[in-house]
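These notes concern the structure reproduced below.
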Amino acid sequence: MSDNVDKTKMYVDQEQSKAYADNRPRYTDEMFQAIVDYCKETNPNLNLAVDVGCGPGMSTLGFAKYFKKVIGVDVSETQVACAPKDVPNCEFKVGYSDKLPFIKSGTVDLFCSGESFNLMPQKETFAEADRVLKPGGTIAIFGYDVPSSDTPAVQDVIQKYGLKIFPFYPKETAQLLDRFRGLKMPYTDATRNDDIKISMKYTVKEYIGFMKSTWALRAYSEAHPDEDFLADLSKELTEAMEKAGSGLDYTLTWNLFLLMAHKPKN
1 MSDNVDKTKM
11 YVDQEQSKAY
21 ADNRPRYTDE
31 MFQAIVDYCK
41 ETNPNLNLAV
51 DVGCGPGMST
61 LGFAKYFKKV
71 IGVDVSETQV
81 ACAPKDVPNC
91 EFKVGYSDKL
101 PFIKSGTVDL
111 FCSGESFNLM
121 PQKETFAEAD
131 RVLKPGGTIA
141 IFGYDVPSSD
151 TPAVQDVIQK
161 YGLKIFPFYP
171 KETAQLLDRF
181 RGLKMPYTDA
191 TRNDDIKISM
201 KYTVKEYIGF
211 MKSTWALRAY
221 SEAHPDEDFL
231 ADLSKELTEA
241 MEKAGSGLDY
251 TLTWNLFLLM
261 AHKPKN
């Protein structure tokens with residue numbers, strides 16, 4: 001993995017941010033319900049959730065079903081620009097996970113981060129979470145690992161091309177792929193859940209869109225300007241699907257991980 005990734009340049013491109021919004025897997029109702037149930041163990045009120053590193057708002061929208069208000073925050077202007085603007089109880093802001101001056105201390109019921117905490121200043125973000133959370137509030141860190149297919153021919157292609165771009169991911173991605181097993185949550189009342197999965201149907205075009213959304217592909221393409229990575233992937237994936245007789249789409253599965261902790265009430 002790379003030590004030379006300038007994270008300030010990640011997801012500044014509108015096309016890449018749109019690919020992220022259109023083609024990334026969707027978090028499941030089961031995950032949102034698990035977090036909400038955990039919140040209610042120490043705090044029955046679901047007034048305000050803050051989703052840092054929200055991207056185009058995938059998890060932000062999921063929490064909007066449960067909380068009176070949800071604020072999504074991301075450093076990328078283009079990601080925030082892709083977030084929906086027609087959800088009355090959702091608000092999106094460009095900002096940093098460790099600097100939330102627009103949120104009053106002790107007002108937040110849930111502070112969460114999905115698929116992005118590895119890229120944040122973690123000590124400082126935990127400190128800001130502690131400032132804004134109510135006593136009894138919840139912090140939740142969640143995400144997913146690499147996709148897999150139960151169709152062997154498709155899995156072979158996905159694995160082959162995933163390994164090609166793997167060295168171009170930021171070094172911080174290792175923590176994500178390890179499912180944050182070494183992460184110490186800021187409160188002792190903590191738990192984790194590794195039992196939830198995401199399963200979605202993908203066409204070749206949609207998987208190409210998913211790959212476009214990854215930072216590693218962008219870095220790989222810059223390092224190999226004469227190689228048409230996506231065209232080669234599309235060709236081999238189409239051939240694999242034809243060989244397997246899987247029709248126009250196939251199922252991809254991601255394993256979710258979920259870490260949660262309660263802020264002490266006193």
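Residue 1 is where the sequence shown starts when you use the UniProt record's numbering, and the numbers rise one by one after that. We treat Cβ as the ideally placed atom computed from N, Cα and C, and that holds for glycine.
Proximal residues to D22 (C-beta, below 7 Å), its chain only, five neighbours per side dropped: G209
Would you kindly work out how many angstroms separate the C-alpha atoms of P186 and V154, rounded to a whole number? 40 Å
C-alpha distance - M241 paired with Y161, whole-angstrom precision: 15 Å
Hey, would you say the C-beta of G55 is under 7 Å away from at least one heavy atom of the ligand NAP? For the ligand NAP, the structure offers nothing, since it holds no ligand at all.
Smallest Cα separation from G106: which of A129, W215, Y20, K243? With distances taken between Cα atoms, G106 lies closest to A129.
Measuring CB to CB, does D109 end up less than 8 Å from L48? yes
Would E41 and I71 qualify as a contact pair, given that the criterion is a beta-carbon distance under 8 Å? no
Ends of the beta strand (DSSP E) at I139? 133-144
Could you spell out the range, first to last residue, of the beta strand (DSSP E) harbouring A240? Taken as a continuous stretch (DSSP letters only), A240 belongs to no beta strand (DSSP E), being part of the alpha helix (DSSP H) at 229-244.
Please state whether DSSP places G162 in a helix, a strand or coil. helix
Hey, which unbroken runs of the alpha helix (DSSP H) at 4 residues or more fall wholly within the UniProt domain "Methyltransferase type 11" (50-141)? 58-64, 77-81, 122-132
Counting only runs that start and end within the segment 147-223, where is the beta strand (DSSP E) found for 3 or more residues in a row? When DSSP assignments are scanned along the segment 147-223, the uninterrupted stretches of beta strand (DSSP E) that are 3 or more residues long and fall wholly within it turn out to be 190-193, 197-202.
C-alpha distance - Y38 paired with D232, whole-angstrom precision: 45 Å
If you count every other CB in all the chains shown that lies within 10 Å of the CB of K184, and 16 or more means buried, which is it? exposed
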